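Peer 1:
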Amino acid sequence: MPSPLSRPTNDIYTTLMLPISRFAGIADIVQTFQCYRIITFMAFSDVKARYKRSVLGPLWLTLGTAGGSAGLGFIWSELFRVDATTFVPTLTAGLILWQFISGIITESTVLFSRQASIIRNLSLPLAIHPAQLLLRHLINLAHNAPVFFIVALALGSPLTLTTLLALPGLLLLTLNLLWLALFIGLIGARFRDIEYLVAMVMPLFMLISPVFFRPNYLPFSEHIIWFNPFSHFIEIVRFPLLGSTPPIFVVEIHLAMLVVGWGVTLWLFNRQHHRVAFWV
Amino acid sequence: MSLRNQLVRISTGGRIENEAGQIHVVTALNEVSFKLQDGDAIGLIGHNGAGKSTLLRTMAGVYHPVSGNVIRQGRVATVLELGAGMDTELSGYENIIRMGILMGLSLTEIRSKTEEVENFTQLGDFLQLPVRTYSSGMATRLMFAVATSTEPDILLVDEVFGTGDAEFQIKAKERMEALIKSVGIFVFASHNHELVRQYCNRFFRLEHGNLLEIDANAI
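Same order as they appear, the protein sequences are chains A and B. Each residue of the first sequence is one higher than the last, beginning at 1 in my numbering. Each residue of the second sequence is one higher than the last, beginning at 1001 in my numbering.
#1: Could one say the Cβ of B:I1101 lies closer than 8 Å to chain A's Cβ atoms, at least one of them?
#2: Check whether chain A comes within 8 Å of B:S1106, counting only Cβ atoms and requiring the distance to be less than that.
#3: Mind listing which residues of the segment 1068–1092 of chain B have their C-beta closer than 8 Å to chain A's C-betas, in chain order?
#4: Taking only three categories from DSSP, how would you classify B:A1041?
#5: My understanding is that B:L1055 touches B:V1032, with C-beta atoms under 8 Å, so please give their C-beta distance in whole angstroms.
#6: Taking beta-carbon pairs under 8 Å, can you tell me which members of the segment 117–129 of chain A lie near chain B?
#7: Per DSSP, B:L1155 is paired with what?
#8: I'd like to confirm the pairing. Which residues does DSSP put opposite B:G1061 in its beta bridges?
#9: Let me see if you follow: with CB-CB separation under 8 Å, is B:R1098 close to chain A or not?
#10: Indicate the three-state DSSP secondary structure (helix, strand or coil) for A:F220 in the structure shown.
#11: Do B:T1150 and B:L1107 come within 8 Å of each other at the CB atom, strictly closer than that value?
#12: Less than 8 Å between CB atoms is the rule here; does A:R114 satisfy it with respect to chain B?
#13: To the nearest angstrom, how far is the alpha carbon of B:G1049 from that of B:H1208?
#14: Using only the alpha-carbon positions, how far apart do A:F213 and A:L61 sit?
#15: Please identify the residue among A:V88, A:E222, A:R192, A:F239 whose C-alpha is closest to the C-alpha of A:L111.
#16: In three-state terms, what does DSSP make of A:L56?
#17: Here's a check: name, in chain order, each residue in its chain whose Cβ is nearer than 8 Å to the Cβ of B:R1132, leaving out the five neighbours to either side.
#18: On the criterion of 16 or more Cβ atoms from any shown chain inside 10 Å, does B:K1035 qualify as buried, or is it exposed?
#19: Confirm, please, whether the CB-CB distance from A:G169 to A:V237 is below 8 Å.
#20: Would you please state the rounded distance, in angstroms, between the beta carbons of B:F1188 and B:G1083? I believe it to be under 8 Å.
#21: Looking at the unbroken alpha helix (DSSP H) that takes in A:N176, where does it start and where does it end?
#22: Do A:V276 and A:L182 have their C-beta atoms within less than 8 Å of each other?
#23: Apply the 10 Å Cβ neighbour rule to B:L1191 and answer buried if 16 or more other Cβ atoms are within range, or exposed otherwise.
#24: Is it buried or exposed for A:A199, if we count other Cβ within 10 angstroms and need 16 for buried?
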């Protein structure tokens, strides 16, 4: 007789999931939804652990963002010949969003390698690791977001109902970053060079992506900027934050990336799911 | 095959074949097939590199076989590698929660079991200190205590009892016997044949990836 605390997870697996179980990646993702407790616990625990003996803890992130936007904002607004009251909120939003996006992409290269001891010793679905990574960075984003709202209130940037559109924008962005993290994590687990490649390339992207500027600052090359996927990632949240709805093509590109990205990632995940425990 | 490969083949565990280019194929488990049910306590013995840890991990669902099926029913708890699932910066209490969550328990369930784990490990005030201050024996006790407290249906243990002292061995034996009575499957890999004889009622021997079920007398 099974013990009263025995979770029927594996019974569900053998009966209902038999048709899905041929697709190891999809089965893995379905099981990941059942592990929401593990994901939330590990994300919060990692954030707390990082600042265990520090006094300010996660407020350091907030201070960093505040310092960055104050320091750069006023001088660079002159450089770009834009009014400081519009530029500083733009810059702050850009910095916060870039920290979120580039943090996720850079950490996803070592996503599975860092959790090697859990992957090799516990039978948990692999997709909990990208989910946990996203949640951890969303928590950090929550620490940084107040800086933007303080700056916006202080400098009179419009905070209307349109600003609330930032939330569905953030949701779309998160769903896209989720497949990206899983994809890069899988490749990074197999080819260790990816870690160094991404670390080298991200600072370059920071400069050419609309972090410190907006696409409409460029008199001639605005349409070229939109070929950069990071522009879409940043602007879908930044447009509402600064008081206007994002252009429809940004949303369309996000949805297209969602479909294509998840399709490719699930294909790769199905194929390579069983190999990851050997790679790490 | 070269002389070097011949020598390597004699002294290591699995079979190494196919030195085509740079890829070495290691057959860690070869045509292994068996059935376990509630009440089985399996002792897994074999030389270094025979495939014991690989077999335990395949049973747990960490490694997936390239052919064949692993059919498993019930909750699995593993004690395979020292410190797996532990965060050494966190205290003993925090790690009890962390490992419990990773093994599938809820916070309320873990909290209700913390006292039992405390009593079993007998680590006392050390539970408030970060795990990096523990000796390997203490860390093993903690891991083993949490793994068995999750009331698993299947418990897989790999050679960790070496670092436990005599008192711990006694408590572990009692715990294990209680666990087996609550009708579950227990698989224990070890080089210590005495321990294996004590805890187990079926015995498997692994040799270069090949499994053979043997009698208690043949150990």
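C-beta: ideal position from N, C-alpha, C; glycine also. If you're wondering where the values come from, they're calculated on a predicted model, not measured in any experiment.
Peer 2: So, from the data block:
#1: Counting from 1 along the second sequence, the entry for residue 1101 of chain B is found at position 101. Yes, B:I1101 counts as interfacial toward chain A.
#2: The count along the second sequence starts at 1 and reaches residue 1106 of chain B at position 106. It does: the Cβ of B:S1106 has a partner Cβ on chain A nearer than 8 Å.
#3: I1071, R1072, Q1073, G1074, R1075, V1076, T1078, L1080, E1081, G1083, A1084, G1085, D1087, E1089, L1090
#4: Taking the second sequence and counting its residues from 1, the one referred to as residue 1041 of chain B is at position 41. DSSP places B:A1041 in strand when its eight states are reduced to three.
#5: The residue you call residue 1055 of chain B lines up with position 55 of the second sequence. The residue you call residue 1032 of chain B lines up with position 32 of the second sequence. So it is a contact: roughly 7 Å between Cβ atoms.
#6: S117, I118, I119, R120, N121, L122, S123, L124
#7: Counted from its first residue, the second sequence places residue 1155 of chain B at position 155. B:A1077, B:F1186.
#8: Here the question's residue 1061 of chain B lines up with position 61 in the second sequence. In DSSP, B:G1061 forms no bridge with anything.
#9: Here the question's residue 1098 of chain B lines up with position 98 in the second sequence. Closer than 8 Å: yes.
#10: The count along the first sequence starts at 1 and reaches residue 220 of chain A at position 220. Three-state DSSP puts A:F220 in coil, outside helix and strand.
#11: Here residue 1107 of chain B corresponds to residue number 107 of the second sequence, with the count starting at 1. Here residue 1150 of chain B corresponds to residue number 150 of the second sequence, with the count starting at 1. Result no, Cβ atoms of B:L1107 and B:T1150 do not sit closer than 8 Å.
#12: Counting from one through the first sequence, the residue named residue 114 of chain A turns up at place 114. So, not an interface residue.
#13: Along the second sequence, read from residue 1 onward, the residue named residue 1049 of chain B stands at position 49. Along the second sequence, read from residue 1 onward, the residue named residue 1208 of chain B stands at position 208. Taking the straight line from one Cα to the other gives about 7 Å.
#14: For this step, residue 213 of chain A is matched to residue 213 along the first sequence. For this step, residue 61 of chain A is matched to residue 61 along the first sequence. Taking the straight line joining both Cα atoms gives about 22 Å.
#15: Sequence index remark: in the first sequence, residue 111 of chain A carries index 111 (1-based). Of A:V88, A:E222, A:R192, A:F239, the residue nearest in Cα terms is A:R192.
#16: In the first sequence, residue 56 of chain A corresponds to position 56, counting from 1. Of the three classes helix, strand and coil, the one that applies to A:L56 here is coil, per DSSP.
#17: In the second sequence, the residue the question calls residue 1132 of chain B occupies position 132. Excluding residues within five positions, the ones whose Cβ falls inside 8 Å are T1088, E1089.
#18: As a working note, residue 1035 of chain B is residue 35 in the second sequence. Its Cβ having fewer than 16 others within 10 Å, B:K1035 is exposed.
#19: Here residue 237 of chain A refers to the residue found at position 237 when the first sequence is read from its first residue. Here residue 169 of chain A refers to the residue found at position 169 when the first sequence is read from its first residue. Result yes, Cβ atoms of A:V237 and A:G169 sit closer than 8 Å.
#20: If you number the second sequence from 1, residue 1188 of chain B lands on position 188. If you number the second sequence from 1, residue 1083 of chain B lands on position 83. With 8 Å as the limit, B:F1188 and B:G1083 do not qualify as a contact, their Cβ atoms being about 19 Å apart.
#21: Looking up residue 176 of chain A in the first sequence gives position 176. Note, A:N176: alpha helix (DSSP H), 166–190.
#22: Residue numbering aside, residue 276 of chain A sits at position 276 when the first sequence is read from its first letter. Residue numbering aside, residue 182 of chain A sits at position 182 when the first sequence is read from its first letter. No.
#23: What you label residue 1191 of chain B is simply residue 191 of the second sequence in a count that begins at 1. Per the sequence shown, residue 1191 of chain B should be read as His rather than Leu. Exposed, because fewer than 16 other Cβ atoms sit within 10 Å of the Cβ of B:H1191.
#24: Numbered from its first residue, the first sequence carries residue 199 of chain A at position 199. By the 10 Å Cβ count, A:A199 comes out exposed.
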